[in-house]
Amino acid sequence: SALTQPASVSGSPGQSITISCTGTSSDVGGYNFVSWYQQHPGKAPKLVIYDVSDRPSGVSNRFSGSTSGNTASLTISGLQAEDEADYYCNSYTSSSTLNYVFGTGTKVTVL
Amino acid sequence: EVQLLESGGGLVQPGGSLRLSCAASGFTFSNYAMTWVRQAPGKGLEWVSAISGGGGSTYYADSVKGRFTISRDNSKNTLYLQVNSLRAEDTALYYCARGFSDFWSGRKIDMWGQGTMVTVSS
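Quick note, the sequences are listed as chains A and B, same order.
Mind the numbering: the first sequence is residues 1 to 111 in this note's numbering, read in order.
Mind the numbering: the second sequence is residues 1001 to 1122 in this note's numbering, read in order.
Below is the structure:
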């Protein structure tokens, strides 16, 4: 089943926020294959973090990722208006024929 | 320019069928596994199906197994998804996306199309 994310997280410009993604030892806790996607309204998802903490070329270093146990986290530092979007985690899982599962999604609001 | 362009969506009655297509350009299509991801209106992302670069390996979510068929024509740089026995719960925006190597892995999906909408309703 889907990884668990908070429905919403908010912060003021310049602040840092962290989005959690909770799974199990069969997914987040068992493999270093967690990725994060940013999705603005009406747009396709965009990869911002892969392999827990790696950033694709062109993605701001304000985005960082980590894991602890069965929970992965995405931190956005120096929050900007353009960061307002939905964010989805994704992890390798041994419990699916497609081997990957998305999180439930988090709406980030910049106050 | 690297691009994925989906087509084939539309309004279909329950039990009906559609063939979704995804035309790729700007990269060596056969070198990459491809996938379909869907998003129901106002909902989250859901993996639907994937296929290896050569087409020899295919993968399906349990929710679509036996009803959907993924395929590709590397000579035409095109990915397909045949969707049969459609249900209301299949209503979604269907995205075509590229994996990071020729074998399937959802670990790093760095290119997405804009999606094609499938609406299942009587």
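Every residue, glycine too, gets a C-beta built ideally from N, C-alpha and C.
Since this is a predicted model, take the numbers as computed values, not measurements.
Mapping DSSP to helix, strand and coil, what is residue 84/A?
Taking the first sequence and counting its residues from 1, one reaches residue 84/A at position 84. In the three-state scheme derived from DSSP, where H, G and I count as helix and E and B as strand, residue 84/A is classed as coil.
Name the chain B residues that come within less than 8 Å of residue 70/A, Cβ to Cβ?
In the first sequence, counting from the first residue as 1, residue 70/A sits at position 70. What residue 70/A touches in chain B: nothing, since even the nearest Cβ is about 18 Å away.
Are the beta-carbon atoms of residue 104/A and residue 5/A separated by less than 7 Å?
Taking the first residue of the first sequence as 1, we reach residue 104/A at position 104. Taking the first residue of the first sequence as 1, we reach residue 5/A at position 5. Contact flag set, yes.
From the beta carbon of residue 1047/B, is the nearest beta carbon of chain A less than 7 Å away?
Here residue 1047/B corresponds to residue number 47 of the second sequence, with the count starting at 1. Chain A, which has a Cβ nearer than 7 Å to the Cβ of residue 1047/B, makes this yes.
Does the count of Cβ pairs from the region 16-32 of chain A and the region 70-77 of chain A closer than 8 Å reach three?
yes
For residue 1059/B and chain A, any beta-carbon pair shorter than 7 Å?
As a working note, residue 1059/B is residue 59 in the second sequence. Output row for residue 1059/B: interface = yes.
Alpha-carbon to alpha-carbon, residue 89/A and residue 42/A
Within the first sequence, the letter at position 42 stands for residue 42/A. Within the first sequence, the letter at position 89 stands for residue 89/A. Approximately 19 Å between the Cα atoms of the pair.
Using a beta-carbon distance below 7 Å, is residue 955/B in contact with chain A?
Outside the modelled stretch of chain B, which goes from 1001 to 1122, sits residue 955/B, for which no answer is possible.
Taking only beta-carbon positions, decide if residue 1098/B is within less than 7 Å of chain A.
Locating residue 1098/B in the second sequence gives position 98, counting from the first residue. By this cut-off, residue 1098/B is not an interface position.
Would you give the residue range spanned by the beta strand (DSSP E) that residue 1109/B belongs to?
Stepping through the second sequence from its first residue, residue 1109/B is reached at position 109. For residue 1109/B, no beta strand (DSSP E) run applies, since DSSP gives it neither H nor E.
What are the start and end residues of the beta strand (DSSP E) that includes residue 31/A?
Counted from its first residue, the first sequence places residue 31/A at position 31. Run containing residue 31/A: none; DSSP gives neither H nor E here.
Buried or exposed by the 16-neighbour rule on C-beta atoms within 10 Å, applied to residue 16/A
By 1-based counting over the first sequence, the position of residue 16/A is 16. Only exposed fits residue 16/A, as fewer than 16 other CB atoms lie within 10 angstroms of its CB.
Contact list for residue 44/A against chain B, beta-carbon separation under 7 Å
Translated into the one-based positions of the first sequence, residue 44/A becomes position 44. The answer, in chain order, is 1095, 1112, 1113, 1114, 1115.
Please classify residue 1001/B: does DSSP put it in a helix, a strand, or coil?
Reading the second sequence from its first residue, position 1 is the one you call residue 1001/B. Three-state DSSP puts residue 1001/B in coil, outside helix and strand.
In the DSSP output, what is residue 54/A paired with across the bridge?
Taking the first residue of the first sequence as position 1, residue 54/A is located at position 54. DSSP, once it has assigned bridges, lists 50/A as partnering residue 54/A.
Helix, strand or coil for residue 90/A? Go by DSSP, reduced to three states.
Start at 1 with the first residue of the first sequence, and residue 90/A comes out as number 90. Correct three-state label for residue 90/A: strand.
What separation, rounded to the nearest whole angstrom, lies between the Cα atoms of residue 1101/B and residue 40/A?
Here residue 1101/B is taken as the residue at index 101 of the second sequence, counted from 1. Here residue 40/A is taken as the residue at index 40 of the first sequence, counted from 1. The straight-line gap from Cα to Cα measures roughly 26 Å.
Whole angstroms are fine: how far does the CA of residue 60/A sit from the CA of residue 53/A?
Here residue 53/A refers to the residue found at position 53 when the first sequence is read from its first residue. Here residue 60/A refers to the residue found at position 60 when the first sequence is read from its first residue. Roughly 13 Å separates the two Cα atoms.
Using the rule of at least 16 other Cβ atoms within 10 Å of the residue's Cβ for burial, across every protein chain shown, is residue 1066/B buried or exposed?
For the purposes of this step, residue 1066/B is identified with residue 66 of the second sequence, where counting begins at 1. Exposed is the call here.
Three or more C-beta pairs under 8 Å: does that hold for the region 1082-1096 of chain B against the region 1110-1117 of chain B?
yes
Taking the alpha carbon of residue 1036/B as the point to measure from, which residue in 1003/B, 1051/B, 1018/B, 1056/B has its own alpha carbon closest?
Reading the second sequence from its first residue, position 36 is the one you call residue 1036/B. Checking every option, the nearest Cα to that of residue 1036/B belongs to 1051/B.
With 7 Å set as the bound, which would you pick, yes or no: does the beta-carbon of residue 1107/B sit closer than that to a beta-carbon of chain A?
The sequence position of residue 1107/B within the second sequence is 107, counting from 1. Taking Cβ atoms only, chain A reaches closer than 7 Å to residue 1107/B, which makes this a yes.
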